[in-house]
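A.B. asks: In the numbering used here, the protein residues as written are 231 to 493. We put the CB at the ideal spot given by N, CA and C, even for glycine. First the structure, then my questions, so here it is.
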Amino acid sequence: MMITHDDGAVVLPSAPKCKQLLALFLLNVNALVTADACVEELWHEAPPKSALSTLQTYVLQIRRSLRSVPSSSSAHAEPLITRNRGYLFTADPEDVDHLRFEHITAEARQAVRKGDDELASRRFIEALGLWRGPVAADVRPGPITAAHRVGLEEARLSALEQRIEADLRLGRHRALLDELDDLVVQYPEHENICAQYMIALSRSGQVDRALEVYRELRDRLVGKLGLEPSQALHELSVQLHNPDLAPYAQYRHSPGRATVDSG
231 MMITHDDGAV VLPSAPKCKQ LLALFLLNVN ALVTADACVE ELWHEAPPKS
281 ALSTLQTYVL QIRRSLRSVP SSSSAHAEPL ITRNRGYLFT ADPEDVDHLR
331 FEHITAEARQ AVRKGDDELA SRRFIEALGL WRGPVAADVR PGPITAAHRV
381 GLEEARLSAL EQRIEADLRL GRHRALLDEL DDLVVQYPEH ENICAQYMIA
431 LSRSGQVDRA LEVYRELRDR LVGKLGLEPS QALHELSVQL HNPDLAPYAQ
481 YRHSPGRATV DSG
């Protein structure tokens, strides 16, 4: 987590609570964060009696950090504003990575709807390139920031899956194999990724390996969670066993579980 000024200088408070509070503001750019939300984030269920005054001290320290490096732009000379018993961190959405990510992925999904998978793939790649690692990895999160981190990671993974979907539709099966091989290691119980890997393998002439990937996933799901793979993923494996039953399934994104269409 960092703020980078026009000249490349990085602003990041050193005190852990200030970093935690700044992360909360940055994850809620251009939205009011109440003082109560700040207290909950910083101290959760055990705030000190001096919580509000201490919070004001942290806000002052953040403002000093922001002023420490001048910007050539005056549009947001004082980005952290006190308003209505809360705080508003203002910024141009184009200057905020997670807001740019949302905007670019929306463009990518629009391209998918229009049938332009080449453009969609490029836009998803552009959006995913904004990620430098886990969200606010250098901050000990409170409950609000932790929830934001989960949501953003889910959005990142969804964009990655949708980019792979577009590449599968473009026939880039062999080019995806190494990436998908790594992803099934990172997400060993993720059915969507498994389905994508199975399709890429089968269309690269590696049907036996695709079926092995299915069996490995099934063993993990049954062994760890006591669950069978979804019906859609099972049907995909049946189609690979018996290719005359239907053309190889076409993957359709469905977060968390594999959903496939034949056709």
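1. Assign S244 to one of two classes, buried (16 or more other C-beta atoms within 10 Å of its C-beta) or exposed (fewer than that).
2. Could you name each continuous alpha helix (DSSP H) segment of 4 residues or more that falls completely within the stretch 272 to 300, going from the start of the chain to the end?
3. May I have a chain-ordered list of the alpha helix (DSSP H) segments no shorter than 4 residues that lie completely inside the stretch 424 to 450?
4. Out of C268, G363, L413, P246, point me to the one whose CA is closest to F319's CA.
5. Decide if P278 is buried, meaning its Cβ has at least 16 other Cβ atoms within 10 Å, or exposed.
6. Among the candidates E384, T375, H328, whose CA atom is the shortest distance from the CA of A357?
7. On the three-pair Cβ rule with 8 Å, is the stretch 364 to 383 touching the stretch 391 to 402?
8. Touch check for the stretch 442 to 458 and the stretch 412 to 420: three-plus C-beta pairs under 8 Å?
9. From E332 to V326, what does the alpha carbon distance come to, in whole angstroms?
10. Are Y288 and L254 touching if we call contact CB-CB under 7 Å?
11. To the nearest angstrom, report how far apart V263 and R450 are at their CA atoms.
12. For V342, I'd like the list of residues in its chain whose CB is within less than 6 Å of its CB, leaving aside the five on either flank, ordered along the chain.
13. Under 6 Å Cβ to Cβ from A338, same chain only, skipping five residues before and after it: list those, please.
14. Where does G453 sit, in a helix, a strand or coil, going by DSSP?
15. Count the other C-beta atoms from every protein chain shown that fall within 10 angstroms of the C-beta of E458, then say buried if there are 16 or more, exposed otherwise.
16. Distance check for V365 and L447, CA to CA, integer angstroms please.
17. Run the CB neighbour count on I311, radius 10 Å, all protein chains shown included, and call it buried at 16 or more, exposed below.
18. Give me the Cα-Cα distance between W273 and E465, rounded to the nearest whole angstrom.
19. Out of D347, L290, A462, A321, state which residue places its alpha-carbon closest to the alpha-carbon of P248.
20. Between which two residues does the beta strand (DSSP E) containing L390 stretch?
21. Taking only runs that begin and end inside the stretch 302 to 364, name each unbroken alpha helix (DSSP H) of 4 or more residues, in chain order.
22. Closer than 6 Å by C-beta to L413: which residues in its own chain qualify, once you throw out the five before and the five after it? Chain order, please.
23. Is it buried or exposed for A305, if we count other Cβ within 10 angstroms and need 16 for buried?
24. Within 10 angstroms of its Cβ, does E275 collect 16 or more other Cβ (buried), or is it exposed?
25. Look at the alpha carbon of P323 and the alpha carbon of S298, and state the distance between them as a whole number of angstroms.
26. Could you spell out where the beta strand (DSSP E) holding V263 opens and where it closes?
27. Are the CB atoms of D397 and L406 nearer to each other than 7 Å?
C.D. replies: Reading off the structure:
1. In the sequence shown, counting from the first residue as 1, residue 244 sits at position 14. Counting Cβ neighbours within 10 Å, S244 comes out exposed, since fewer than 16 surround it.
2. 281 to 297
3. 437 to 450
4. Within the sequence shown, numbered from 1, the residue matching residue 319 stands at position 89. Residue C268 is the option with its Cα nearest to F319.
5. If you number the sequence shown from 1, residue 278 lands on position 48. P278 comes out exposed.
6. Counting from 1 along the sequence shown, the entry for residue 357 is found at position 127. Residue H328 is the option with its Cα nearest to A357.
7. Verdict: no, contact absent.
8. yes
9. If you number the sequence shown from 1, residue 332 lands on position 102. If you number the sequence shown from 1, residue 326 lands on position 96. The straight-line gap from Cα to Cα measures roughly 10 Å.
10. What you label residue 288 is simply residue 58 of the sequence shown in a count that begins at 1. What you label residue 254 is simply residue 24 of the sequence shown in a count that begins at 1. Not a contact, by the Cβ cut-off of 7 Å.
11. For this step, residue 263 is matched to residue 33 along the sequence shown. For this step, residue 450 is matched to residue 220 along the sequence shown. The straight-line gap from Cα to Cα measures roughly 42 Å.
12. Your numbering for residue 342 matches position 112 in the sequence shown. Counting only Cβ-Cβ distances below 6 Å, and skipping sequence neighbours, we find A350.
13. The sequence position of residue 338 within the sequence shown is 108, counting from 1. Cβ within range, chain order: A350, R353, F354.
14. Sequence index remark: in the sequence shown, residue 453 carries index 223 (1-based). Residue state, collapsed to three classes: helix.
15. Taking the sequence shown and counting its residues from 1, the one referred to as residue 458 is at position 228. When all chains shown are included, E458 counts as exposed.
16. In the sequence shown, residue 447 corresponds to position 217, counting from 1. In the sequence shown, residue 365 corresponds to position 135, counting from 1. Approximately 28 Å, taken between the alpha carbons.
17. To locate residue 311, count along the sequence shown from 1; it is residue 81. For I311, the number of other beta carbons within 10 angstroms of its own is below 16, and it is reported as exposed.
18. For the purposes of this step, residue 273 is taken as the residue at position 43 of the sequence shown. For the purposes of this step, residue 465 is taken as the residue at position 235 of the sequence shown. Roughly 49 Å separates the two Cα atoms.
19. Numbered from 1 along the sequence shown, position 18 holds the residue referred to as residue 248. Looking at the sequence provided, one finds Cys at residue 248 rather than Pro. Ranking the options by Cα distance to C248, first place goes to L290.
20. As a first step, residue 390 must be located in the sequence shown, where it is residue number 160. Counting along the chain, L390 falls outside any beta strand (DSSP E), though it belongs to the alpha helix (DSSP H) covering 373 to 399.
21. 327 to 343, 347 to 358
22. Numbered from its first residue, the sequence shown carries residue 413 at position 183. I423.
23. If you number the sequence shown from 1, residue 305 lands on position 75. Bear in mind that a pLDDT of 48 at A305, under 50, signals an unreliable position, so the number given afterwards is only what the model happens to contain. Exposed, because fewer than 16 other Cβ atoms sit within 10 Å of the Cβ of A305.
24. Residue numbering aside, residue 275 sits at position 45 when the sequence shown is read from its first letter. With fewer than 16 Cβ atoms within 10 Å of its Cβ, E275 is classed as exposed.
25. As a working note, residue 323 is residue 93 in the sequence shown. As a working note, residue 298 is residue 68 in the sequence shown. Approximately 22 Å between the Cα atoms of the pair.
26. Walking along the sequence shown from the start, residue 263 turns up at place 33. Looking at the DSSP string, the run of the beta strand (DSSP E) that includes V263 is 262 to 264.
27. Residue mapping note: residue 397 aligns to position 167 of the sequence shown, counting from 1. Residue mapping note: residue 406 aligns to position 176 of the sequence shown, counting from 1. Yes, the Cβ-Cβ distance between D397 and L406 is below 7 Å.
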